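First the structure, in the form of C-alpha cells, and then the observations on it.
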Amino acid sequence: MTRNAQGSPFAPHTDAETAAMLAAVGVDDEEDLFDIPEGVRFDGEFDIPAHSERAVRRSVRGTLAENDDLTEFLGRGHYAHYVPSLVDDIARRQEFLTSYTQYQPEVAQGFLQALFEYQSVLVELTGLDVANCSMYDAATALGEAATLSQRVRSVSGDRVLVPDRLREGKRAVLDQYARGPGLSVETYPTVEGTVDVAGLQEAVDEDVAMVYAESPAVTGCIEERLDAVGDVAAANDALFVLGSDPVALALLERPADVGADVVVGEASVLGLGTAYGMGMGMFVTREEYLRQVPGRLVGAGEDATGRRAYTLTLQTREQHIRKERATSNICTNQAWLALRAAIHAALLGPDGLVELAEECVRLPRDLAARLDDIDGVRAPTFDRHHFREFQAHTDQPATAVADDLADAGYAVHVVGDHRLQVCVTDANAPAVDGFVAAVEEVA
Amino acid sequence: MPDDERPGADDATTFDQARWTDDGAYEPLLSEKDLTEVQVGATGGDGDGSEDHDGTGTASPGVGEEDDESGGPLPDELTRDSLELPALAEPQLARHYSRLSEMNYGVESGPFPLGSCTMKYNPKFTEDLAARPEAAVHPDRPAKSVQGVLAVMYALQDYLGRIGGMDAVTLQPPAGAAGEFTGIQIARAYHEATGEDRSEVVVPASAHGTNFATAAMAGFDVVELPGDEDGRVDLAALESAVGPDTAALMLTNPNTLGLFERDIEAIAETVHDAGGLLYYDGANLNALLGRARPGDMGFDVMHYNVHKTFATPHGGGGPGAGPVGVTDELADFLPTPQVRRVSDDEHGEYELFEPAESIGKVHGFRGNWLVLLKAYAYIARLGDAGLADAGAKAVLNANYLASRLDYEVPYGPFHHEFVASAGEQDAADAAKRMLDYGVHPPTTKWPEIVGEALMTEPTEVESRSSLDDLAAAFNAVAREADETLANAPERTAARRIDQVGAARELRLSWRDLSE
Numbered sequence: 089m090t091r092n093a094q095g096s097p098f099a100p101h102t103d104a105e106t107a108a109m110l111a112a113v114g115v116d117d118e119e120d121l122f123d124i125p126e127g128v129r130f131d132g133e134f135d136i137p138a139h140s141e142r143a144v145r146r147s148v149r150g151t152l153a154e155n156d157d158l159t160e161f162l163g164r165g166h167y168a169h170y171v172p173s174l175v176d177d178i179a180r181r182q183e184f185l186t187s188y189t190q191y192q193p194e195v196a197q198g199f200l201q202a203l204f205e206y207q208s209v210l211v212e213l214t215g216l217d218v219a220n221c222s223m224y225d226a227a228t229a230l231g232e233a234a235t236l237s238q239r240v241r242s243v244s245g246d247r248v249l250v251p252d253r254l255r256e257g258k259r260a261v262l263d264q265y266a267r268g269p270g271l272s273v274e275t276y277p278t279v280e281g282t283v284d285v286a287g288l289q290e291a292v293d294e295d296v297a298m299v300y301a302e303s304p305a306v307t308g309c310i311e312e313r314l315d316a317v318g319d320v321a322a323a324n325d326a327l328f329v330l331g332s333d334p335v336a337l338a339l340l341e342r343p344a345d346v347g348a349d350v351v352v353g354e355a356s357v358l359g360l361g362t363a364y365g366m367g368m369g370m371f372v373t374r375e376e377y378l379r380q381v382p383g384r385l386v387g388a389g390e391d392a393t394g395r396r397a398y399t400l401t402l403q404t405r406e407q408h409i410r411k412e413r414a415t416s417n418i419c420t421n422q423a424w425l426a427l428r429a430a431i432h433a434a435l436l437g438p439d440g441l442v443e444l445a446e447e448c449v450r451l452p453r454d455l456a457a458r459l460d461d462i463d464g465v466r467a468p469t470f471d472r473h474h475f476r477e478f479q480a481h482t483d484q485p486a487t488a489v490a491d492d493l494a495d496a497g498y499a500v501h502v503v504g505d506h507r508l509q510v511c512v513t514d515a516n517a518p519a520v521d522g523f524v525a526a527v528e529e530v531a
Numbered sequence: 053m054p055d056d057e058r059p060g061a062d063d064a065t066t067f068d069q070a071r072w073t074d075d076g077a078y079e080p081l082l083s084e085k086d087l088t089e090v091q092v093g094a095t096g097g098d099g100d101g102s103e104d105h106d107g108t109g110t111a112s113p114g115v116g117e118e119d120d121e122s123g124g125p126l127p128d129e130l131t132r133d134s135l136e137l138p139a140l141a142e143p144q145l146a147r148h149y150s151r152l153s154e155m156n157y158g159v160e161s162g163p164f165p166l167g168s169c170t171m172k173y174n175p176k177f178t179e180d181l182a183a184r185p186e187a188a189v190h191p192d193r194p195a196k197s198v199q200g201v202l203a204v205m206y207a208l209q210d211y212l213g214r215i216g217g218m219d220a221v222t223l224q225p226p227a228g229a230a231g232e233f234t235g236i237q238i239a240r241a242y243h244e245a246t247g248e249d250r251s252e253v254v255v256p257a258s259a260h261g262t263n264f265a266t267a268a269m270a271g272f273d274v275v276e277l278p279g280d281e282d283g284r285v286d287l288a289a290l291e292s293a294v295g296p297d298t299a300a301l302m303l304t305n306p307n308t309l310g311l312f313e314r315d316i317e318a319i320a321e322t323v324h325d326a327g328g329l330l331y332y333d334g335a336n337l338n339a340l341l342g343r344a345r346p347g348d349m350g351f352d353v354m355h356y357n358v359h360k361t362f363a364t365p366h367g368g369g370g371p372g373a374g375p376v377g378v379t380d381e382l383a384d385f386l387p388t389p390q391v392r393r394v395s396d397d398e399h400g401e402y403e404l405f406e407p408a409e410s411i412g413k414v415h416g417f418r419g420n421w422l423v424l425l426k427a428y429a430y431i432a433r434l435g436d437a438g439l440a441d442a443g444a445k446a447v448l449n450a451n452y453l454a455s456r457l458d459y460e461v462p463y464g465p466f467h468h469e470f471v472a473s474a475g476e477q478d479a480a481d482a483a484k485r486m487l488d489y490g491v492h493p494p495t496t497k498w499p500e501i502v503g504e505a506l507m508t509e510p511t512e513v514e515s516r517s518s519l520d521d522l523a524a525a526f527n528a529v530a531r532e533a534d535e536t537l538a539n540a541p542e543r544t545a546a547r548r549i550d551q552v553g554a555a556r557e558l559r560l561s562w563r564d565l566s567e
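Chains as they are written, first to last, in the numbering used here: chain A, 89 to 531; chain B, 53 to 567.
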C-alpha cells in the first residue's frame, strides 16, 4: 500500500485505489474532475508548508508559550471555574465531539438527551419555561433578545434601554443586531454599580421595547432592585431581559420571581473555563414567546415503539425551513459547550452549585477587605454585595499598579485612572495570598 | 420479513446501535435518577436543608456552614428560596453520559455524507493543542502579554487570506451564519460610506437558508434568483434582478448541487456593474482547495467554515467558526479588533487595532478562539499539498460514489457533493432506512430543484471500500419497498420518531414531563 506522501494525511487513498477510482469514474486525472473555467483557475501556491503532527504540536506549543505566564484576576464577562476531569473525558468522546446537528434524531438520542437536560437545568435555574440549546455567547444572546422584542405582538416601540455600565464588547454586538431592525440602543443611569431605578423610570417611555439589566453587573455588583426594574418594564409593555449566568442563578433571586421575560448570559461559566473570550450564550424565556425563540430547541416525543425519544422541534422557526422569515439566521451554535456545561452542572449537583455560588460572594468580599487594609487601596468601590469581582480605588495611577502587578505575575483589569477591577473565584483562590502580598508591594 | 428485505441480505454492512431501555424510555433522564432540593440562603446552613425526593440520591450536607450569623453570605431578599436538581455521584454520571454517547453516531462511527456540512475526520492532535493550559488566557489581557495567541491568530488570518485569495481576514464571527451576517454588515457599511442607499440582497433559490435569513436579519429585502435549467445562475435573470438597489449577491460556488458556476466572471461583472458586492458563502470551499480562489473569481467578501473545510469538530451542532475575508477595498470595515504585525515594538511583535471604518463587533470578545486554534493546526499540518489533495480526493470520492449509485444524479459535472434523486421513493424515508445500514444518510429534500433530493458529500476521508459500503447502502435502500422505508429505522437506538407529535405536544424540559 502506497499512499501519496504529499497528500492529505486524512485521505486514506493508496495510489492504486486512486487510479482505480479515476478509471471507474472515467477520467485520467483528478484535474479532469474540476469544471473550472481557465480564467479563474488557481495555479499558484499558498506557500504553506506541510508539517508532521509532531512538528505542528511543537511549533504551536512554542508559540503559545510566548504568552506571559500570569495568574489572572480577570472577569468582566469571561470567567473561570475549576472544570472537573470528567467533563473533558466525556466531551472528547467522538460520538459527542464529531457529530453534528441532530437532523437524524434516531441515531442522535444521546446528544439530544444531553441538550434536553441542559435546557432543563436552565429552566430550573430561571423559573422560566423554555431554554434553547445555545447561542454563540452572552453578547449575541442579548442581540437576539433585542430582535425578539420586535417580533412579540404585546411589545411596541423600537428603543432598547441598557445600563450605562454595559461592557463595551457586549454593547457593540447589541448595536450590530439593532441595525437591521432599526432599533435605537440607549442607556439608563446606574448608581453604585447597579440600576438607578429613578433614572431608569425617567428614561423609559412607551416607545421602549426592551429593558436590559444584569445581575451580577459587569462591576460585579449584585442587583438589589430587580423586581423594580421588572415593574418599570411591565408598566411600559417592554420586555424585561435579564443578564446573568447559571452559577449566579443558583444563589440569586429566580428571574421568574422578578418578572424577567428573557434571561441571557454566559453559560460557559460551567464546563469551559478561560478560553480567550470563547463562550456559550444562554437564552431562556416564557412560553408565550416560544414561537419567536431563536436557535434550536430539543423536545421530548415518542418513537414508533411508544418509548420517549428526543428530537429537534419547532424547526419551522429556523432558517433552513423559514429562510428570510426565520427568527434568526443561527445554524451552527455552541452545542458541545452546552454538553460540557450540562456535565459540569450535574457533577456539582444542587449543593455544589449553591456552594460554588456562595463562594463567589465570599471570596471577593474577603479579598476586597484584605485589599482595603492596604495603604493606597480602597475596596470595594461600590457599597454593594458582589459576585466574583469588584472594583477598587488605587491612589497611584491604576495602569502603573497593573503593570507592576504584571511584573509580579498577576493580571487585573484597569477600568479607570485610579480604578482596578479584580475577579476571584475557586479557580484562582489559591493564589490570593500571593496576590495580596504583591498589591501590598506595588500599591 | 423475507430475507432479501433485511439489511445484510445484500453486500451492505449492517448496524445495531446501542440501546438502553428502561420503563418506557431509553436511558432515563438525570432527573429520573435523582432530584434533590436544597434550601438556599439563611435557612440552608443547618445541614437539614436538602430533601432527596426519590430516595435514590445522596443526602445533601447543606450549604454555607462557615457563615456564623446566618447560613448564606447574602441577605434572604437577594437569594432564591431553593434549588432542585439531580444530585448524583461521579460514577453514576460517567455511566449516564457514556451510555448517551453510545446512542450517538459520529464521524468515527461510519460514513457521514451529510451534504453541505463537510463532515471530515477531526484530527486528535488539534484537540490536544486546544487543551494546552497556555491557550487558556483571558481576552482582556494586554496584547503584549498574549503574544502567543496573537501570533496564532495572525498566522491564521494570513493562511486564510492566501487560501481564499483575500487581502484581509477577521476571525471574530463564531459560525458560518455569523460570518454571513458580518459580510453583509460590511457591505452595508461600504455602501453607506460611498453614499449609496441600497436595500436589496440577491440570493439564488438554491442557496442555504442562512443566506436568506442573514440578509433579512441585517435589514435587507431578499430578492430570490431563480436558477437556470442546468442548475446554475441564470444570467438573464441576474441581469434583471440587480440594479441600483442591489447591495450584494450571495453566492455559493460550487453551488448546492456541487456545480461550479462557470459564468462566475460574467456574474461578477454584472453585479459589480450594478454597483453591488459579490459575497462568497464558504460552505463548499473544500471542493476548490488549491484549484480556485474566491478572490480570483471576483468575490469581494467571503466567509470560511473552519468546521467544514478545516476539519474542526462539529461538536453536535457547534462551536464552529466563520472567519470573513475581504478585498483591500473593504478591509477598513472589518470588525474590531484585528491583529497585525508590528516591527521593533517594545510591546511585542503583534498588536490589536481597530480598522478605520469598522462595523463594530459580532462577538462579545474575539470569537471561538479554541476552534480557530484547531483550524490553524490543521492547515499547518496539511500545507499546500495536503490541502490540494483534500480537495481532489473530496471531489474524486463524490464522483466515485455517484458512479456506483442506482439512484439518478440529474445535474453535473459536480464536485465535492452531488444531489441524487430518490425518484418514486420519499427521500426522508430512504434516509431513515439508510441508518439501518450503519451509515449516516445525506441531507434530504433539499435543494428543491431535485425531486426527493439526497444531497451527498462523502468528503476526502472515506476510503474506496467505505465508499463501496456507502454505495451498497444507497442501492439496497433504492430496491426496498415503500413500506420497509416507512417502518425504518429498525436498528437504531430509537425507532422512527414522531416529529409532528413532538411539535404538537411540546415538552421542552424535564419539568414539562412531570406535569
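Where a beta carbon is used, it is the ideal one built from N, C-alpha and C, also for glycine.
Note that the structure is predicted; figures quoted are calculated from it, not measured.
**Study point:** Cβ-based neighbour list, aspartate 521/B, same chain, cut-off 6 Å, excluding 5 preceding and 5 following
**Key:** Hits under 6 Å: Thr65.
- Message: Distance check for glutamine 192/A and cysteine 221/A, CA to CA, integer angstroms please.
- Response: If you take the alpha carbons of cysteine 221/A and glutamine 192/A, they lie about 17 Å apart.
- Mind checking the stretch 268-294 of chain B against chain A and listing, in chain order, the residues whose C-beta falls within less than 9 Å of any C-beta there? Correct list: Ala268, Met269, Ala270, Gly271, Phe272, Asp273, Val274, Glu276.
Notebook entry, point to check: the stretch 250-267 of chain B: which residues have C-beta closer than 7 Å to a C-beta of chain A, in chain order?
Noted result: Hits within the stretch, in order: Gly261, Thr262, Phe264, Ala265, Thr266, Ala267.
Along the beta strand (DSSP E) that carries threonine 508/B, what are the first and last residues, could you check? First-last of the beta strand (DSSP E) with threonine 508/B: 505-508.
Check your understanding: Among residues of its own chain, excluding the 5 on either side of glycine 419/B, which ones have a beta-carbon nearer than 7 Å to its beta-carbon?
Key -> Here the set comprises Leu223, Gln224, Pro225, Pro226, Ala373.
Using a threshold of 9 Å, state whether the C-beta atoms of glycine 534/A and glutamine 484/A are closer than that. Not covered by the structure: residue 534/A. The range shown for chain A is 89 to 531.
Item to complete: Specify, as a first and last residue, the run of the beta strand (DSSP E) that aspartate 273/B falls within.
Response: DSSP places aspartate 273/B in the uninterrupted beta strand (DSSP E) bounded by 273-277.
| Spatially closest choice to serine 244/A from Thr235/A, Val250/A, Leu121/A, by CA coordinates | For serine 244/A, the nearest C-alpha among the options comes from Thr235/A.
Once the 5 residues before and after valine 552/B are set aside, which same chain residues still bring their CB inside 8 Å of it? Annotation for valine 552/B: no residue places its beta carbon closer than 8 Å to its own, counting only its chain and skipping 5 residues before and after.
Could you please give me the residues that DSSP links to glutamate 390/A through a beta bridge?
BP columns for glutamate 390/A point to Arg396/A.
What residues in the stretch 180-199 of chain A bring their beta carbon closer than 8 Å to a beta carbon of chain B? Residues Arg180, Arg181, Gln182, Glu183, Phe184, Leu185, Thr186, Ser187, Tyr188, Thr189, Gln190, Tyr191, Gln192, Pro193, Glu194, Val195, Ala196, Gln197, Gly198, Phe199.
**Item:** For aspartate 333/B and histidine 260/B, believed in contact at Cβ under 8 Å, the rounded distance
**Value:** Their Cβ separation, rounded to whole angstroms, is 6 Å, which keeps histidine 260/B and aspartate 333/B in contact under 8 Å.
Measure the C-alpha to C-alpha separation of glutamate 118/B and alanine 153/A and round it to an integer number of angstroms.
With a pLDDT of 44 at glutamate 118/B, under the threshold of 50, the modelled position of this residue cannot be trusted; read the value that follows with caution. The alpha-carbon atoms of glutamate 118/B and alanine 153/A are separated by roughly 40 Å.
Are there 16 or more other CB atoms within 10 angstroms of the CB of phenylalanine 405/B, so buried, or fewer, so exposed?
-> Exposed, by the Cβ-count rule.
**Asked** In whole angstroms, what separates the C-alpha of arginine 240/B from that of alanine 265/B?
**Response** Arginine 240/B and alanine 265/B: Cα-Cα distance of roughly 16 Å.
Hey, how far is the Cα of arginine 71/B from the Cα of glutamate 79/B?
-> Spanning the two alpha carbons is a distance of roughly 8 Å.
Inset, instruction - Could you pull out every residue in the same chain whose Cβ sits closer than 8 Å to the Cβ of arginine 31/B, ignoring the five residues on either side in sequence? - result: This structure leaves residue 31/B out entirely; chain B is present only between 53 and 567.
Out of Glu179/B, Ala220/B, Phe67/B, Val90/B, which one is the CA nearest neighbour of glutamate 141/A?
Per the C-alpha coordinates, the member of Glu179/B, Ala220/B, Phe67/B, Val90/B positioned closest to glutamate 141/A is Glu179/B.
Valine 461/B and alanine 339/B: beta carbons closer than 9 Å? No.
(Q) Please classify leucine 287/B as buried or exposed, where buried requires at least 16 neighbouring CB atoms within 10 angstroms. (A) Leucine 287/B is exposed by the Cβ-count criterion.
Would you please state the rounded distance, in angstroms, between the beta carbons of histidine 366/B and threonine 186/A? I believe it to be under 8 Å. Their Cβ separation, rounded to whole angstroms, is 7 Å, which keeps histidine 366/B and threonine 186/A in contact under 8 Å.
_Please confirm whether glutamine 422/A has its beta-carbon closer than 9 Å to some beta-carbon of chain B._
Interface flag for glutamine 422/A against chain B is set, since a Cβ pair is found closer than 9 Å.
#### Entry: Residue burial classification, proline 510/B (beta-carbon count within 10 angstroms, cutoff 16)
Its Cβ being crowded by 16 or more others within 10 Å, proline 510/B is buried.
task = Work out the CA separation of leucine 87/B and threonine 95/B for me, nearest whole Å.
result = Confidence at threonine 95/B is low in this model, with a pLDDT of 48, below 50, so the placement of that residue is unreliable and no value is reported for it.
Inset, instruction - Determine the chain B residues that contact methionine 298/A at a beta-carbon separation under 8 Å, and present them in chain order. - result: Within chain B, no residue comes near methionine 298/A; the closest Cβ sits about 17 Å away, beyond 8 Å.
Stretch pair the stretch 467-484 of chain A + the stretch 160-174 of chain B: three plus CB contacts closer than 8 Å: Judged by Cβ distances under 8 Å, the stretch 467-484 of chain A makes no contact with the stretch 160-174 of chain B, as fewer than three pairs qualify.
Between which residues of its own chain and serine 410/B is the CB-CB distance below 8 Å, once the five residues before and five after are set aside? Short of 8 Å from the beta carbon of serine 410/B, and not among the five residues preceding or following it, lie these beta carbons of its own chain, in chain order: Asp384, Phe385, Leu386, Pro387, Thr388.
Residues of the stretch 138-158 of chain A whose Cβ lies closer than 9 Å to any Cβ of chain B, in chain order: Within the stretch 138-158 of chain A, the residues whose Cβ lies closer than 9 Å to some Cβ of chain B are Ala138, His139, Ser140, Glu141, Arg142, Ala143, Val144, Arg145, Ser147, Val148, Arg149, Gly150, Thr151, Leu152, Ala153, Glu154, Asn155, Asp156, Asp157, Leu158, listed in chain order.
**OP:** Inspect the beta-carbon positions of aspartate 282/B and leucine 301/B and report whether they are closer than 9 Å.
**Re:** Judged by beta-carbon spacing, leucine 301/B lies beyond the 9 Å limit of aspartate 282/B, meaning their Cβ atoms are not closer than that value.
Exercise. Within its chain, find whatever has a CB closer than 6 Å to the CB of proline 113/B; leave out the 5 residues flanking it on each side and keep chain order.
Key: With a pLDDT of 37 at proline 113/B, under the threshold of 50, the predicted position of this residue should be treated as unreliable, though the coordinate-derived value follows. Once the five neighbours on either side are set aside, proline 113/B has no close Cβ partner at all.
Using the Cα positions of leucine 329/B and alanine 268/B, report the straight-line distance between them to the nearest angstrom. Cα to Cα, leucine 329/B sits roughly 17 Å from alanine 268/B.
Notebook entry, point to check: If we cut at 9 Å on Cβ distances, does valine 520/A have a partner in chain B?
Noted result: Valine 520/A does not count as touching chain B.
Check: Any idea what DSSP makes of glutamine 509/A, helix, strand or coil?
Finding: Here glutamine 509/A sits in strand by DSSP.
Practice item. Can you tell me which of the three DSSP states arginine 214/B falls into? Key: Here arginine 214/B sits in helix by DSSP.
Discussion item. Is phenylalanine 134/A close to chain B? Criterion is C-beta to C-beta, closer than 9 Å.
Written reply: Yes, phenylalanine 134/A lies at the interface with chain B (some Cβ there is under 9 Å from its Cβ).
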